[in-house]
Structure formats: C-alpha cells, structure tokens
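S.K.: Using this note's numbering, the first residue of the sequence shown is number 4, and each one after it goes up by one. Quick one: the structure is below, questions incoming.
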Amino acid sequence: MISVKEANQIIISTLYNPKTISCPFDKSLGKVLAEDVFADRNFPPFDRVMMDGIAINYQSYAQGQRIFPIEDLQAAGQEMKRLSNPENCLEIMTGATLSENCDTVIRYEDVLVADGNATVNVETINKGDHIHREGTDRLKSSLILAKGKKISAAEVGIFATVGKAEVKVLSEPRVLIVSTGDELVDIDQIPLPHQIRKSNVHALKAMCAHLGLKADLLHVADKSDEIKAQLSAKLAEYDVLLLSGGVSMGKLDFVPEALTALGIEKLFHKVLQRPGKPFWFGQGNGVTVFAFPGNPVSTFMCGWRYFAPWLATSLKQEVKTSYAVLGETFSFKPALTYFLQVRTSYTEEGKIEATPIPGQGSGDLANLVETDAFIELPAERNTFEKGEVFPIYSFRS
Ligand code: AMP
Ligand code: MG
C-alpha cells in the first residue's frame, strides 16, 4: 500500500499527451490556449474619445477662450472629421475617433450648451484630457496572450477584438466513465428493495463537465468476462477510463484482474487513505485508468483529489494546492491520510476556514451536499487542532 503523496506522484507522472487542435473562439471557454495571440492593430486603434462632450484645440482655451461655437458633430463610427476653425469646437461622442485639429475633450458635465455655443464652466481643463491615445495599451504585433493560458471570458473578448474566429487549443482527453455493480439500476427505474440507482457515474460525469470535459457512460456487470469484453471494445476510443466499484476484496470485485488481462499495467492498488483505500490506478494501450472504490464518497473524493490534478497537469496547467485553517479540533486514529469533509467560509482576516462535517462514512453521499471540500489530514498524526493549516480540495470552485 502506498501513501497519498506517492499515489499522487505516480498519477501526475502518467499523463495524457494533448494535441493542438482548432476551436471556434466562442466555444473555447475553459480550454487551454495552444498558440500565442498578437495584436492585429494598435490598442486602441485610433485616438479614442473617452467621454461625451466637445473637442477643442487647446491653444484657444490656453489663450483664455471659454465660449466655443459648435461647428459640427463627430459621432462614434464616423470617419474622422476636421475642425476647420481652431476657435470653434465639435460635439464629440465616446468611442469616436478624435477629430483632426483637436487635441482635448471637455465633458458635457463641464460645459453649458446653448444657442449653438458650448461655454466651458470649469478651470481644470488640461491638454489631452479624455483621449485614449492610439497604441497606449498595446502596440500592433505585440504579444497579448501567451500559449498555455486557460481561456476565460477575458480571453474570449481578446479573440473577438483581434478578429480570431478560430483559436488553437489543447485537445482534452476522451473520457469513459464505467459503473460496475449488479445492484445498480438506471435513474429512471424504481429500484427493487435490494437495488440502488447508480449515482457515482453521474457525479463523475458532472465533475468532468465542471472541469470542461465531455464524458460517455458505460455499465458493466460484475462478471470478469463481461468486464473484459466490454472494456476491450472501448480502449481504442478513449484516453482515460474512470471506473467506480469492483476494486475491493469482494468475491465479485473483478475489475483489477480484468484490467490487467486487457494489458493495463497496475501502477498501484490501495492507498493509505480514508475514504478510498482500494483505489486502483494503471496505464496501458495508451489509456490511463482510474478505478475508484464504489462507495459514493470514495469515488467522489478520489475524482477531485486525483483525477482533477492529473487533468490539469496533462493540460500543462500549474497545480497549486490551496490551504485552509481547521475550524474545530478533530481526531482520527487510524494511520491513514483522512480526507475530512468540510464546509468552508472566509474569516475576517481573509483566510479560508474549514468546519468539519464528517458524516457517517464513505457511503453517506447525502452528507456531501452539506460540504464544499475535503481537507487532507496527514496519516502521521491523530489529533488536528483548531487553527492548524492543511491542504484543501474544493469541489465547488
Ligand atoms: P464496491 O466498491 O463495488 O464494493 O461498492 C461499494 C459500495 O458502493 C456498494 O455499496 C455499492 O453498491 C456502491 N456503489 C458502487 N457503484 C456505485 C454507483 N455507481 N453509484 C452508487 N453506488 C455505488
Ligand atoms: Mg461492486
């Protein structure tokens, strides 16, 4: 049996190798950018007016002029006009290009417009006011987005601004989620007294969606030959398999044996942790296999604790561990890393505080809805004091 740390190290060195693919920019949210993006023009591309008001030639103002006859109007989207008489002004709108022969914009709030004149009624006008000068944010051809960045709404806005309809992104692994267990029925069925609805695979599929992945579902019976036959037909189609159940000591727990027979090399089986001790992990035929124990909290915790960082590392994202302050003293005797379910909140000092909500064990999936995260309490100790800081794995953010 190996430690959580060793298990994690094996997992994040057994990665999926992404390809560079093309993606419509408006479908790229959450994906990882696989090309550098440059400014196609200056940012802004012209001297952009920042306030509605009037545009003047500052020299007239500097010489004491305060009443400016209105010559014309320069609206956003109009070609650049020209102020023909530097003692006049143009009314000008936010988003317009600054008119020729003008160098200063005065806000409507600071002028009185009447009878074809604009009268300036403040003494705080400076040359160049309210003009967002061409190229002051970024110059044409400069790097705006470096590859490797996870695409958020901000990056989508940049793609649109530079006219990039298609962006290169990293491909995501194709995921198959497999339930095992003859006691499981589909969610649209009424279970018999000895049956339950399968929930783990749907929770895992939702986790994948949360992480930006599509996933397919498959159910296999607790029969060795059937597991082998059904999975062997799928290995070529997927990059990663997430299994739930069938990896413990039970007489019908055939998953490890079936995976080995399919050419998936076991990299570890059993981790010194609770929940999720029987976790099996392997790789072969180009497929990475996470076989989680079937208890719902075990599957759920292992998915977030091990699969999520594996995915992020595979997609070349830096994985930073978050830490939280334990809100109450907690004891756990076995020499196992304990993933304690917690509810999180922010303290007045801006720290994350984790209040234990331990629940009734790894079968108690209802308890998950009261919690936000798992805090990782080390195997070497039994008592964890209020105020101590430990790694935390959130499934809501
Ligand atoms: P196993 O790991 O196969 O021994 O299963 C452990 C427990 O988890 C059993 O009580 C199973 O009924 C339950 N279980 C396994 N798979 C699922 C699933 N997909 N949804 C809900 N419960 C499950
Ligand atoms: Mg089972």
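For each residue, glycine too, the CB sits at the ideal point set by N, CA and C. In this text, all values refer to a predicted model and were calculated from it rather than measured experimentally.
Tell me the DSSP bridge mates of His272?
M.R.: The partner list for His272 (beta bridge, DSSP) reads Trp283.
S.K.: Sorted by chain position, which residues of the same chain lie with C-beta nearer than 6 Å to Asp140's C-beta, five sequence neighbours on each side aside?
M.R.: Closer than 6 Å at Cβ, skipping near neighbours: Phe46.
S.K.: Please state whether the Cβ-Cβ distance between Asp50 and Arg136 is less than 7 Å.
M.R.: Yes, Cβ-Cβ distance for Asp50 and Arg136 is below 7 Å.
S.K.: Is Glu379 helix, strand or coil when you go by DSSP?
M.R.: Note: Glu379 maps to strand in three-state DSSP.
S.K.: May I have a chain-ordered list of the alpha helix (DSSP H) segments no shorter than 4 residues that lie completely inside the segment 101-171?
M.R.: Qualifying alpha helix (DSSP H) stretches, in chain order: 156-164.
S.K.: Would you kindly report the start and end of the unbroken alpha helix (DSSP H) that includes Leu262?
M.R.: Unbroken alpha helix (DSSP H) run through Leu262: Val258 to Ala264.
S.K.: Going straight from the alpha carbon of Ala117 to that of Phe71, what length do you get?
M.R.: Approximately 11 Å, taken between the alpha carbons.
S.K.: Return the first residue and the last residue of the alpha helix (DSSP H) that Asp189 is part of.
M.R.: Premise fails: Asp189 is in no alpha helix (DSSP H) and is neither H nor E.
S.K.: Alpha carbon to alpha carbon, what distance is there between Leu221 and Thr374?
M.R.: When rounded, the distance between both Cα atoms is 28 Å.
S.K.: Report all residues from its chain with a CB closer than 7 Å to the CB of Asn120; omit the five preceding and five following residues, and keep chain order.
M.R.: Ile70, Phe71, Pro72 and Ile73, listed in sequence order.
S.K.: Between the Cα of Val40 and those of Ala376, Ser348, Lys143 and Thr17, spot the shortest distance and give me the residue it belongs to.
M.R.: Cα-wise, what sits closest to Val40 is Lys143.
S.K.: What residue does the alpha helix (DSSP H) around Glu229 start on, and which one ends it?
M.R.: Where Glu229 is concerned, the enclosing alpha helix (DSSP H) stretches over Ser227 to Ser235.
S.K.: Looking at the structure shown, is Pro359 part of a helix, part of a strand, or coil, going by DSSP?
M.R.: The answer is strand: DSSP assigns Pro359 an E or B state.
S.K.: Quick one: does the C-beta of Glu186 sit closer than 6 Å to a heavy atom of the ligand PLP?
M.R.: Here the bound small molecules are the ligand AMP and the ligand MG; the ligand PLP is not part of this structure.
S.K.: For the ligand MG, any of its heavy atoms closer than 6 Å to the Cβ of Gly366?
M.R.: False, no ligand heavy atom lies under 6 Å from that Cβ.
S.K.: For Met210, which residues of its own chain have a beta-carbon under 6 Å away from its beta-carbon, when the five flanking residues on both sides are left out?
M.R.: Answer for Met210: Gly306, listed in chain order.
S.K.: Per the DSSP calculation, Thr23 is bridged to which residue(s)?
M.R.: Leu173, per the DSSP bridge assignment.
S.K.: Apply the 10 Å Cβ neighbour rule to Asp225 and answer buried if 16 or more other Cβ atoms are within range, or exposed otherwise.
M.R.: Label assigned to Asp225: buried.
S.K.: Quick one: what's got a C-beta closer than 8 Å to Glu331's C-beta in the same chain, skipping five residues either side?
M.R.: So the list reads Thr358, Pro359 and Lys389, once near-sequence residues are dropped.
S.K.: Is Leu18 helix, strand or coil when you go by DSSP?
M.R.: In this structure, Leu18 counts as coil in the three-state DSSP scheme.
S.K.: Is DSSP giving Phe333 helix, strand or coil here?
M.R.: Three-state result, Phe333: strand.
S.K.: Using 8 Å as the Cβ pair cut-off and three pairs as the minimum, do the segment 253-272 and the segment 232-239 touch?
M.R.: They touch, by the three-pair rule.
S.K.: Whole angstroms are fine: how far does the CA of Ile57 sit from the CA of Glu94?
M.R.: Going by the C-alpha atoms only, they are around 4 Å apart.
S.K.: Since Leu318 and Val35 should fall inside the 8 Å C-beta cutoff, what is the C-beta to C-beta distance between them, to a whole number of angstroms?
M.R.: Yes, they are in contact, since the Cβ atoms of Leu318 and Val35 sit about 5 Å apart, within 8 Å.
S.K.: Is it right to say Lys201 is buried, meaning 16 or more other beta carbons lie within 10 angstroms of its own, or is it exposed?
M.R.: Label assigned to Lys201: buried.
S.K.: Does the beta carbon of Thr208 fall short of 6 Å from some heavy atom of the ligand AMP?
M.R.: In the sequence under discussion, the amino acid at residue 208 is Lys, which differs from the Thr named in the question. No, the beta carbon of Lys208 sits no closer than 6 Å to any heavy atom of the ligand AMP.
S.K.: How should Pro27 be labelled, buried or exposed, when 16 other C-beta atoms within 10 angstroms of its C-beta is the threshold for buried?
M.R.: Exposed: under 16 other Cβ atoms inside 10 Å.
S.K.: Closest by CA to Pro48, which one among Gly80, Ser31, Asp367 and Lys30?
M.R.: Comparing Cα-Cα distances from Pro48 to each of Gly80, Ser31, Asp367 and Lys30, the minimum goes to Gly80.
S.K.: Tell me which residues share the same chain as Asn336 and place their Cβ nearer than 7 Å to its Cβ, disregarding the 5 neighbours each side in the sequence.
M.R.: It is Lys, not Asn, that sits at residue 336 in the sequence shown. Excluding residues within five positions, the ones whose Cβ falls inside 7 Å are Asn385.
S.K.: Using beta-carbon positions only, say whether Ser174 and Ile24 come within less than 7 Å of one another.
M.R.: Contact flag set, yes.
S.K.: Under 7 Å Cβ to Cβ from Tyr241, same chain only, skipping five residues before and after it: list those, please.
M.R.: Once the five neighbours on either side are set aside, the close Cβ partners of Tyr241 are Arg177, Val178, Leu179 and Val290.
S.K.: Please classify Tyr195: is it buried, with 16 or more other beta-carbons within 10 angstroms of its beta-carbon, or exposed?
M.R.: Per the sequence shown, the amino acid found at residue 195 is Leu instead of Tyr. The residue is exposed, with fewer than 16 neighbouring Cβ atoms inside 10 Å.
S.K.: Could you say if the segment 297-317 and the segment 274-281 meet the contact criterion of at least three C-beta pairs nearer than 8 Å?
M.R.: Contact between the segment 297-317 and the segment 274-281 is present, because at least three Cβ pairs lie under 8 Å.
S.K.: Among Thr100, Glu38, Asp75 and Arg110, which has the Cα closest to the Cα of Leu55?
M.R.: Note that residue 55 is Asp in the sequence shown here, rather than Leu. Comparing Cα positions, the closest option is Arg110.
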